[in-house]
Each structure stands twice: as C-alpha cells, then as structure tokens.
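Student:
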C-alpha cells in the first residue's frame, strides 16, 4: 500500500504512468492496496463546471478509475473493464477545495468479479480535517482471464507493484 505521508513507504506513484486521465486533472494516489485505495484531487478550473463546482463527470471518472485500479491489483494484475457505474452526488465541492476518493471492494470473485464502492469526500482545511460526503459510486468490473496485450500489461503491472504493498 502507499501512504504518501509515511516516510517508510514508497514515494507517491508517478501518476502519468498509472492513469493519464487522472494525472491530467491533478489527482494523486495516496494508498494502493488490494483492499483499499485512496487519492486526492484539488478542485481546479480544469475539473469544474462553469459555476465553479466540481463537475459530476469528473467524480464519475475518478470513481471508475480508482475502482478499476483496485480491482486490477486485487485480481492479481489481470486486466479489468468497467461494466456498470452508478454515481449519486449529494453535495458540491467548490473551486480551490480538496477532495479525497476512497475505494473499497464490496464483492470479489468470478468473471464479473469486482464490485467496488467509491466515496468522494470534501476535506475541511481546518485543523479538524473533517470530511463531508460529496458522492458515492458503485462500480462493477469484468475481469479478463488473460490480458489481450501481454507485454504492455506486464509493464503496467510492474509499475503498479513498485508503489503498492501487497
């Protein structure tokens, strides 16, 4: 697992090599393990609606991406693909605020083997650091028996293994 704030853990992963779309938004993983993933995102103009609030599509992108990486690690680095995503938005995050995504598996096993729940919370900048729920998502993923692009998948798996404690 990755804990960016723990000096005994590996450094945060280079996001561009893990997820280009999340990297473009400024998302950074803080923990990667088979049972839980977390990461943070500062709400910038790039990820806002015209009304300076976090775009719901960005929340959905974060949810599917984080759940997919979790399923990938939990399945022993087998290729996965999202087959269903359901996101409920309950609160807004404003431009400049920081949010945290947390993904945990609900069900594992089989071909349609992963159902993950992802919660995105707004982080209070005060010393309390309390977190308010912004959205909750359930992501169902299909796990392939064999990777279609074995060489590229092996390289990607090695990159992830550098930053996860298994």
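In this note's numbering, the protein residues as written are 112 to 277. All C-beta atoms in this analysis are idealised placements derived from N, C-alpha and C, irrespective of residue type, glycine included. All values reported here derive from a predicted model rather than from experimental measurement.
How do the segment 184–204 and the segment 225–241 stand: do at least 3 beta-carbon pairs fall below 8 Å, yes or no?
Tutor: In short, these stretches touch, since the Cβ pair count reaches three.
Student: Residue 186 to residue 254, Cα distance in whole Å?
Tutor: Position 75 of the chain shown, counted from the start, is the residue given in the question as residue 186. Position 143 of the chain shown, counted from the start, is the residue given in the question as residue 254. Each residue's alpha carbon lies about 8 Å from the other.
Student: Measuring only the C-alpha atoms, how far is residue 151 from residue 142?
Tutor: Here residue 151 is taken as the residue at index 40 of the chain shown, counted from 1. Here residue 142 is taken as the residue at index 31 of the chain shown, counted from 1. Roughly 10 Å between the two C-alpha positions.
Student: At 4 residues or longer, what runs of the alpha helix (DSSP H) sit wholly inside the segment 164–215?
Tutor: Within the segment 164–215, the complete alpha helix (DSSP H) runs of at least 4 residues are 167–185.
Student: Counting C-beta neighbours from all protein chains within 10 Å, is the total for residue 243 16 or more, i.e. buried, or is it exposed?
Tutor: Taking the first residue of the chain shown as 1, we reach residue 243 at position 132. Exposed is the call here.
Student: Give me, in chain order, the residues of the same chain whose beta-carbon lies closer than 6 Å to that of residue 213; leave out the 5 immediate sequence neighbours on both sides.
Tutor: Translated into positions along the chain shown, residue 213 becomes position 102. So the list reads 149, 230, once near-sequence residues are dropped.
Student: Taking just the CA atoms, how far does residue 170 sit from residue 117?
Tutor: Position 6 of the chain shown holds residue 117. Position 59 of the chain shown holds residue 170. Legend: pLDDT at residue 117 = 49, less than 50; position of this residue unreliable, no value from coordinates given.
Student: Looking only at its chain, what residues have a beta carbon closer than 6 Å to the beta carbon of residue 218, apart from the 5 residues adjacent to it on each side?
Tutor: The residue labelled residue 218 in the question sits at position 107 within the chain shown. Within the same chain, residue 218 has close Cβ partners 226.
Student: In the DSSP output, what is residue 255 paired with across the bridge?
Tutor: Numbered from its first residue, the chain shown carries residue 255 at position 144. According to DSSP, residue 255 bridges with nothing at all.
Student: Give me the Cβ distance between residue 163 and residue 206, rounded to the nearest whole Å; I'm assuming they're in contact under 8 Å.
Tutor: Translated into the one-based positions of the chain shown, residue 163 becomes position 52. Translated into the one-based positions of the chain shown, residue 206 becomes position 95. Yes, they are in contact, since the Cβ atoms of residue 163 and residue 206 sit about 4 Å apart, within 8 Å.
Student: DSSP three-state label for residue 155, please.
Tutor: Residue mapping note: residue 155 aligns to position 44 of the chain shown, counting from 1. Three-state result, residue 155: coil.
Student: Would you report the Cα separation of residue 153 and residue 144, rounded to the nearest angstrom?
Tutor: For the purposes of this step, residue 153 is identified with residue 42 of the chain shown, where counting begins at 1. For the purposes of this step, residue 144 is identified with residue 33 of the chain shown, where counting begins at 1. Cα to Cα, residue 153 sits roughly 22 Å from residue 144.
Student: Considering only C-alpha positions, which residue in the set 202, 156, 137, 175 is nearest to residue 216?
Tutor: The count along the chain shown starts at 1 and reaches residue 216 at position 105. Here the closest residue by C-alpha is 175.
Student: With H, G and I counted as helix, E and B as strand and the rest as coil, what does DSSP make of residue 237?
Tutor: The residue you call residue 237 lines up with position 126 of the chain shown. Correct three-state label for residue 237: coil.
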